[in-house]
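Residue numbers (the UniProt record's numbering): 1 to 367.
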(Lines of atoms letter the chains of each structure in order from A and count residues from 1; the text may use other names and numbers.)
(Lines give C-alpha, C1' and ligand atoms only; values in the text may rest on other atoms or scores of the structure.)
Protein backbone atom coordinates (compact mmCIF):
# COMPACT_ATOMS: atom_id res chain seq x y z
CA UNK A 1 0.00 0.00 0.00
CA UNK A 2 1.35 3.41 -0.95
CA UNK A 3 1.87 5.69 2.00
CA UNK A 4 1.67 9.37 1.20
CA UNK A 5 0.96 11.07 4.50
CA UNK A 6 3.99 12.49 6.22
CA UNK A 7 2.63 15.67 7.77
CA UNK A 8 5.15 17.51 9.88
CA UNK A 9 4.67 17.17 13.61
CA UNK A 10 7.20 18.69 15.95
CA UNK A 11 7.71 16.53 19.06
CA UNK A 12 6.37 18.41 22.02
CA UNK A 13 7.11 18.80 25.67
CA UNK A 14 4.75 19.67 28.47
CA UNK A 15 5.51 23.34 27.86
CA UNK A 16 4.36 23.16 24.24
CA UNK A 17 1.52 20.68 24.55
CA UNK A 18 -1.08 23.04 23.06
CA UNK A 19 0.58 22.65 19.66
CA UNK A 20 -0.70 19.09 19.39
CA UNK A 21 -4.27 19.60 20.56
CA UNK A 22 -6.93 17.66 18.70
CA UNK A 23 -8.39 19.14 15.55
CA UNK A 24 -11.70 19.34 17.30
CA UNK A 25 -10.06 21.65 19.82
CA UNK A 26 -7.89 23.48 17.29
CA UNK A 27 -9.20 26.83 18.46
CA UNK A 28 -6.96 26.36 21.51
CA UNK A 29 -3.89 26.70 19.29
CA UNK A 30 -4.86 30.26 18.45
CA UNK A 31 -2.72 32.99 19.92
CA UNK A 32 -3.96 35.81 22.10
CA UNK A 33 -5.66 38.35 19.80
CA UNK A 34 -3.98 41.31 21.52
CA UNK A 35 -0.47 40.04 22.26
CA UNK A 36 -0.19 37.32 19.58
CA UNK A 37 1.41 35.15 22.25
CA UNK A 38 0.43 31.63 23.27
CA UNK A 39 -2.05 32.05 26.08
CA UNK A 40 -2.36 29.42 28.87
CA UNK A 41 -5.44 31.28 30.14
CA UNK A 42 -7.29 30.64 26.88
CA UNK A 43 -6.23 26.99 26.85
CA UNK A 44 -7.16 26.17 30.45
CA UNK A 45 -10.24 28.39 30.55
CA UNK A 46 -11.73 26.23 27.81
CA UNK A 47 -10.98 22.96 29.61
CA UNK A 48 -12.21 24.33 32.93
CA UNK A 49 -15.55 25.25 31.35
CA UNK A 50 -15.89 22.12 29.18
CA UNK A 51 -15.07 19.19 31.50
CA UNK A 52 -16.28 16.72 28.87
CA UNK A 53 -12.80 17.17 27.34
CA UNK A 54 -11.06 15.86 30.49
CA UNK A 55 -10.41 12.38 29.11
CA UNK A 56 -8.73 13.61 25.96
CA UNK A 57 -6.77 16.26 27.83
CA UNK A 58 -5.41 13.74 30.35
CA UNK A 59 -4.31 11.39 27.56
CA UNK A 60 -2.66 14.33 25.82
CA UNK A 61 -0.62 15.25 28.92
CA UNK A 62 0.28 11.62 29.65
CA UNK A 63 3.12 9.68 28.03
CA UNK A 64 0.72 8.77 25.21
CA UNK A 65 0.73 12.44 24.24
CA UNK A 66 4.42 12.22 23.23
CA UNK A 67 4.71 9.14 20.97
CA UNK A 68 8.11 8.06 19.70
CA UNK A 69 7.27 8.89 16.11
CA UNK A 70 4.48 7.61 13.89
CA UNK A 71 5.54 3.96 13.98
CA UNK A 72 4.84 3.59 17.70
CA UNK A 73 1.42 5.18 18.02
CA UNK A 74 -2.11 3.92 17.43
CA UNK A 75 -4.65 5.48 15.12
CA UNK A 76 -8.35 5.87 15.86
CA UNK A 77 -11.38 6.81 13.81
CA UNK A 78 -12.67 8.47 17.00
CA UNK A 79 -16.18 9.01 15.64
CA UNK A 80 -18.94 6.44 15.60
CA UNK A 81 -19.82 5.25 12.10
CA UNK A 82 -22.52 2.97 10.73
CA UNK A 83 -21.81 -0.20 8.72
CA UNK A 84 -24.43 -1.82 6.48
CA UNK A 85 -24.19 -5.30 5.00
CA UNK A 86 -25.59 -6.54 1.67
CA UNK A 87 -28.87 -7.49 3.37
CA UNK A 88 -29.37 -3.91 4.52
CA UNK A 89 -28.71 -4.69 8.20
CA UNK A 90 -26.92 -1.87 9.99
CA UNK A 91 -24.72 -1.69 13.10
CA UNK A 92 -22.69 1.10 14.65
CA UNK A 93 -18.92 0.77 14.73
CA UNK A 94 -15.63 2.36 15.70
CA UNK A 95 -12.35 1.90 13.80
CA UNK A 96 -8.97 1.26 15.45
CA UNK A 97 -5.45 0.87 14.06
CA UNK A 98 -3.12 -0.74 16.61
CA UNK A 99 0.60 -0.38 15.93
CA UNK A 100 2.41 -3.70 15.44
CA UNK A 101 5.68 -2.02 16.48
CA UNK A 102 4.41 -1.52 20.02
CA UNK A 103 3.60 1.70 21.84
CA UNK A 104 6.72 3.73 22.64
CA UNK A 105 6.77 7.19 24.15
CA UNK A 106 9.42 9.85 24.61
CA UNK A 107 10.27 11.50 27.91
CA UNK A 108 10.13 15.26 28.31
CA UNK A 109 13.89 15.77 28.37
CA UNK A 110 14.39 13.93 25.08
CA UNK A 111 11.55 15.89 23.49
CA UNK A 112 13.15 19.16 24.55
CA UNK A 113 16.41 17.99 22.96
CA UNK A 114 14.66 16.97 19.73
CA UNK A 115 12.85 20.28 19.40
CA UNK A 116 16.20 22.01 18.92
CA UNK A 117 18.28 19.23 17.35
CA UNK A 118 15.84 17.38 15.06
CA UNK A 119 12.32 18.84 14.88
CA UNK A 120 11.60 16.56 11.88
CA UNK A 121 12.34 13.45 13.94
CA UNK A 122 8.94 11.86 13.32
CA UNK A 123 9.08 12.31 9.55
CA UNK A 124 12.69 11.14 9.35
CA UNK A 125 12.05 8.01 11.41
CA UNK A 126 9.05 6.95 9.34
CA UNK A 127 10.58 7.75 5.95
CA UNK A 128 13.82 5.92 6.74
CA UNK A 129 12.00 2.86 8.08
CA UNK A 130 10.01 2.54 4.86
CA UNK A 131 13.06 3.24 2.68
CA UNK A 132 15.05 0.54 4.55
CA UNK A 133 12.32 -2.06 4.07
CA UNK A 134 11.27 -2.04 7.75
CA UNK A 135 7.67 -1.48 6.75
CA UNK A 136 5.51 -0.23 9.63
CA UNK A 137 2.23 -2.07 9.99
CA UNK A 138 -0.94 -1.53 11.96
CA UNK A 139 -3.62 -4.10 12.74
CA UNK A 140 -7.09 -2.83 12.00
CA UNK A 141 -9.89 -3.63 14.45
CA UNK A 142 -13.49 -2.60 14.73
CA UNK A 143 -15.88 -2.40 17.65
CA UNK A 144 -19.51 -3.16 16.90
CA UNK A 145 -22.66 -1.99 18.67
CA UNK A 146 -26.12 -3.07 17.55
CA UNK A 147 -28.99 -0.62 17.24
CA UNK A 148 -30.61 -2.26 20.25
CA UNK A 149 -27.45 -1.89 22.33
CA UNK A 150 -27.15 1.77 21.35
CA UNK A 151 -30.71 2.44 22.48
CA UNK A 152 -29.98 1.12 25.99
CA UNK A 153 -26.32 2.15 26.33
CA UNK A 154 -25.46 3.72 29.69
CA UNK A 155 -23.62 6.56 27.94
CA UNK A 156 -24.10 8.38 24.65
CA UNK A 157 -22.38 6.10 22.08
CA UNK A 158 -22.21 9.00 19.62
CA UNK A 159 -20.32 11.28 21.99
CA UNK A 160 -16.84 11.89 20.58
CA UNK A 161 -15.43 12.38 24.08
CA UNK A 162 -16.38 8.83 25.13
CA UNK A 163 -14.72 5.51 24.35
CA UNK A 164 -16.55 2.19 24.11
CA UNK A 165 -15.34 -0.19 26.86
CA UNK A 166 -13.55 -3.16 25.29
CA UNK A 167 -15.09 -5.50 27.85
CA UNK A 168 -18.56 -4.70 26.52
CA UNK A 169 -17.65 -4.11 22.87
CA UNK A 170 -14.54 -6.21 22.16
CA UNK A 171 -12.10 -5.45 19.37
CA UNK A 172 -12.68 -7.52 16.23
CA UNK A 173 -9.61 -8.01 14.03
CA UNK A 174 -10.17 -7.06 10.39
CA UNK A 175 -6.77 -6.89 8.69
CA UNK A 176 -3.52 -4.95 8.41
CA UNK A 177 -2.40 -1.62 7.05
CA UNK A 178 1.21 -1.83 5.81
CA UNK A 179 3.15 1.28 4.83
CA UNK A 180 5.51 0.02 2.13
CA UNK A 181 6.18 2.95 -0.19
CA UNK A 182 7.27 6.54 0.35
CA UNK A 183 5.95 9.45 -1.72
CA UNK A 184 8.12 10.45 -4.67
CA UNK A 185 7.01 14.10 -4.55
CA UNK A 186 5.99 15.54 -1.21
CA UNK A 187 3.96 18.43 -2.58
CA UNK A 188 2.04 16.44 -5.18
CA UNK A 189 1.33 13.43 -2.99
CA UNK A 190 1.13 14.89 0.50
CA UNK A 191 0.42 18.62 0.47
CA UNK A 192 -2.36 18.21 -2.10
CA UNK A 193 -4.07 15.24 -0.48
CA UNK A 194 -7.61 15.96 0.68
CA UNK A 195 -8.97 13.57 3.28
CA UNK A 196 -12.52 13.97 4.50
CA UNK A 197 -14.85 11.96 6.74
CA UNK A 198 -17.44 12.53 4.01
CA UNK A 199 -15.45 10.30 1.63
CA UNK A 200 -17.19 7.05 2.53
CA UNK A 201 -17.27 3.80 0.59
CA UNK A 202 -20.61 2.03 0.03
CA UNK A 203 -21.60 0.21 3.19
CA UNK A 204 -20.20 2.82 5.59
CA UNK A 205 -22.32 5.78 6.67
CA UNK A 206 -22.25 8.53 9.28
CA UNK A 207 -23.92 7.96 12.62
CA UNK A 208 -25.83 10.58 14.66
CA UNK A 209 -22.44 11.71 16.05
CA UNK A 210 -22.93 15.50 16.08
CA UNK A 211 -19.25 16.33 15.68
CA UNK A 212 -18.97 13.97 12.73
CA UNK A 213 -22.01 15.50 11.05
CA UNK A 214 -20.39 18.92 11.28
CA UNK A 215 -17.09 17.68 9.89
CA UNK A 216 -18.80 16.14 6.85
CA UNK A 217 -19.29 19.68 5.56
CA UNK A 218 -16.28 21.54 6.91
CA UNK A 219 -13.56 19.41 5.31
CA UNK A 220 -14.89 19.92 1.79
CA UNK A 221 -15.07 23.68 2.34
CA UNK A 222 -11.47 23.67 3.55
CA UNK A 223 -10.25 21.70 0.53
CA UNK A 224 -12.06 23.98 -1.92
CA UNK A 225 -10.44 26.99 -0.27
CA UNK A 226 -6.98 25.40 -0.13
CA UNK A 227 -6.84 23.46 -3.40
CA UNK A 228 -9.63 24.86 -5.57
CA UNK A 229 -13.09 23.62 -6.56
CA UNK A 230 -11.72 20.69 -8.56
CA UNK A 231 -9.49 19.29 -5.81
CA UNK A 232 -11.01 15.84 -6.34
CA UNK A 233 -9.50 15.78 -9.84
CA UNK A 234 -5.93 16.03 -8.56
CA UNK A 235 -4.20 12.67 -9.16
CA UNK A 236 -3.55 12.00 -5.47
CA UNK A 237 -7.28 12.44 -4.78
CA UNK A 238 -8.50 10.59 -7.88
CA UNK A 239 -7.11 7.05 -8.06
CA UNK A 240 -9.93 6.15 -10.49
CA UNK A 241 -11.55 8.24 -13.18
CA UNK A 242 -15.08 9.27 -12.31
CA UNK A 243 -18.18 9.91 -14.36
CA UNK A 244 -20.41 12.54 -12.84
CA UNK A 245 -22.17 15.81 -13.58
CA UNK A 246 -19.58 18.20 -12.17
CA UNK A 247 -18.13 20.46 -14.86
CA UNK A 248 -15.69 23.30 -15.40
CA UNK A 249 -14.32 25.71 -12.81
CA UNK A 250 -10.70 26.66 -12.12
CA UNK A 251 -8.08 23.92 -12.46
CA UNK A 252 -10.31 21.51 -14.38
CA UNK A 253 -8.27 18.42 -15.28
CA UNK A 254 -10.85 15.90 -16.53
CA UNK A 255 -13.51 17.49 -18.74
CA UNK A 256 -15.29 14.15 -19.40
CA UNK A 257 -15.28 14.65 -23.15
CA UNK A 258 -17.86 17.40 -23.28
CA UNK A 259 -20.67 15.17 -22.01
CA UNK A 260 -23.79 17.06 -20.83
CA UNK A 261 -24.15 17.83 -17.15
CA UNK A 262 -27.88 17.32 -16.59
CA UNK A 263 -29.69 14.28 -15.24
CA UNK A 264 -31.12 12.23 -16.78
CA UNK A 265 -29.72 12.46 -20.31
CA UNK A 266 -29.61 10.28 -23.42
CA UNK A 267 -25.87 10.52 -24.01
CA UNK A 268 -24.36 8.03 -21.62
CA UNK A 269 -24.56 10.03 -18.41
CA UNK A 270 -24.36 8.22 -15.07
CA UNK A 271 -27.57 6.61 -13.90
CA UNK A 272 -28.97 5.70 -10.50
CA UNK A 273 -26.96 3.11 -8.59
CA UNK A 274 -29.18 0.14 -7.79
CA UNK A 275 -27.16 -0.48 -4.62
CA UNK A 276 -28.07 2.88 -3.11
CA UNK A 277 -31.50 1.92 -1.81
CA UNK A 278 -30.21 -1.36 -0.39
CA UNK A 279 -27.34 0.40 1.37
CA UNK A 280 -29.57 3.09 2.85
CA UNK A 281 -31.96 1.18 5.11
CA UNK A 282 -34.61 3.18 6.95
CA UNK A 283 -33.89 4.11 10.54
CA UNK A 284 -35.95 5.72 13.26
CA UNK A 285 -35.27 9.07 14.89
CA UNK A 286 -36.81 10.59 17.98
CA UNK A 287 -36.42 13.54 20.30
CA UNK A 288 -36.72 17.28 20.01
CA UNK A 289 -34.99 19.38 17.38
CA UNK A 290 -33.12 21.96 19.44
CA UNK A 291 -29.70 23.23 20.38
CA UNK A 292 -28.06 20.52 22.45
CA UNK A 293 -25.43 20.84 25.17
CA UNK A 294 -24.20 17.55 26.58
CA UNK A 295 -21.74 19.16 28.98
CA UNK A 296 -23.67 18.08 32.07
CA UNK A 297 -23.36 14.36 31.31
CA UNK A 298 -20.92 12.02 33.09
CA UNK A 299 -17.54 13.51 32.25
CA UNK A 300 -15.37 11.85 34.87
CA UNK A 301 -15.93 8.07 34.88
CA UNK A 302 -13.73 7.37 31.87
CA UNK A 303 -10.91 9.76 32.90
CA UNK A 304 -11.07 8.13 36.35
CA UNK A 305 -10.67 4.67 34.83
CA UNK A 306 -7.76 5.92 32.71
CA UNK A 307 -5.98 7.36 35.74
CA UNK A 308 -6.62 4.49 38.14
CA UNK A 309 -6.43 1.44 35.89
CA UNK A 310 -4.30 2.37 32.87
CA UNK A 311 -1.47 4.48 34.31
CA UNK A 312 1.10 3.01 36.66
CA UNK A 313 2.72 5.04 39.46
CA UNK A 314 5.52 6.41 37.28
CA UNK A 315 3.07 7.43 34.54
CA UNK A 316 0.86 9.17 37.09
CA UNK A 317 3.82 11.13 38.40
CA UNK A 318 4.73 12.35 34.91
CA UNK A 319 1.10 13.22 34.17
CA UNK A 320 0.95 15.43 37.27
CA UNK A 321 4.26 17.10 36.40
CA UNK A 322 3.23 17.80 32.80
CA UNK A 323 -0.13 19.27 33.79
CA UNK A 324 1.28 21.42 36.59
CA UNK A 325 4.10 22.72 34.38
CA UNK A 326 1.56 24.08 31.90
CA UNK A 327 -1.27 25.00 34.27
CA UNK A 328 1.05 27.11 36.47
CA UNK A 329 0.95 29.95 33.91
CA UNK A 330 -2.85 30.24 34.00
CA UNK A 331 -4.72 32.65 36.28
CA UNK A 332 -5.38 31.52 39.87
CA UNK A 333 -9.16 31.29 39.44
CA UNK A 334 -8.71 29.02 36.42
CA UNK A 335 -6.22 26.85 38.31
CA UNK A 336 -8.72 26.42 41.15
CA UNK A 337 -11.47 25.48 38.71
CA UNK A 338 -9.24 22.84 37.13
CA UNK A 339 -8.23 21.40 40.51
CA UNK A 340 -11.92 20.88 41.27
CA UNK A 341 -12.26 18.92 38.02
CA UNK A 342 -9.13 16.86 38.64
CA UNK A 343 -10.42 16.06 42.13
CA UNK A 344 -13.66 14.81 40.55
CA UNK A 345 -11.54 12.41 38.51
CA UNK A 346 -9.58 11.30 41.58
CA UNK A 347 -9.03 13.09 44.88
CA UNK A 348 -5.38 12.07 44.95
CA UNK A 349 -4.87 13.47 41.42
CA UNK A 350 -6.40 16.80 42.42
CA UNK A 351 -4.25 17.01 45.55
CA UNK A 352 -1.03 16.14 43.72
CA UNK A 353 -1.63 18.78 41.05
CA UNK A 354 -2.52 21.38 43.70
CA UNK A 355 0.67 20.55 45.63
CA UNK A 356 2.77 20.72 42.46
CA UNK A 357 1.29 24.11 41.55
CA UNK A 358 1.97 25.41 45.04
CA UNK A 359 5.58 24.21 44.87
CA UNK A 360 6.11 25.88 41.49
CA UNK A 361 4.59 29.12 42.80
CA UNK A 362 6.95 29.13 45.80
CA UNK A 363 9.92 28.37 43.55
CA UNK A 364 9.00 31.23 41.24
CA UNK A 365 8.62 33.61 44.18
CA UNK A 366 12.11 32.72 45.43
CA UNK A 367 13.85 33.31 42.10
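For glycine and all other residues, C-beta sits at the position ideal for the given N, C-alpha and C. Just so we're clear, the structure is a prediction, and the values are computed from it rather than from any experiment.
- When rounded, the separation of the alpha-carbon atoms in residue 154 and residue 30 is 35 Å.
- Going by beta carbons, residue 40 and residue 355 fall outside the 8 Å limit.
- Ranked by Cα distance from residue 83, the first of 166, 136, 145 and 36 is 145.
- Measuring C-alpha to C-alpha distances from residue 126 to each of 67, 163, 79 and 208 identifies 67 as the nearest.
- Under the rule that a run must span 4 or more residues, the alpha helix (DSSP H) segments found entirely inside the stretch 112-159 read 121-131 and 147-152.
- The residue among 344, 346, 341 and 321 with its C-alpha nearest the C-alpha of residue 358 is 321.
- The three-state secondary structure of residue 94, taken from DSSP, is strand.
- Minimum Cα-Cα distance from residue 109 among the listed residues 318, 332 and 193 corresponds to 318.
- The straight-line gap separating the alpha-carbon atoms of residue 351 and residue 291 is approximately 36 Å.
- For residue 206, the enclosing beta strand (DSSP E) covers residues 204-206.
- Proximity of the stretch 238-253 to the stretch 192-206 falls short of the contact definition, fewer than three beta-carbon pairs being nearer than 8 Å.
- Between residue 304 and residue 340, the C-beta gap is not smaller than 8 Å, which leaves the two residues out of contact.
- In this structure, DSSP gives residue 83 an extended state, which the three-state scheme calls strand.
- Looking at the DSSP output, residue 67 shares a beta bridge with 105.
- Between residue 55 and residue 306, the gap from beta carbon to beta carbon is short of 8 Å.
- Every unbroken stretch of the alpha helix (DSSP H) spanning 4 or more residues and falling wholly within the stretch 289-325 is given here in chain order: 301-305.
- In the three-state scheme derived from DSSP, where H, G and I count as helix and E and B as strand, residue 285 is classed as coil.
- Excluding its 5 nearest sequence neighbours in each direction, residue 247 has C-beta neighbours in its own chain below 8 Å: 255, 256 and 261, listed in chain order.
- In summary, residue 223 is buried, with 16 or more beta-carbon neighbours lying within 10 Å of its beta-carbon over all protein chains present.
- Put simply, the stretch 218-238 touches the stretch 186-197. At least three CB pairs are less than 8 Å apart.
- For residue 297, the number of other beta carbons within 10 angstroms of its own is below 16, and it is reported as exposed.
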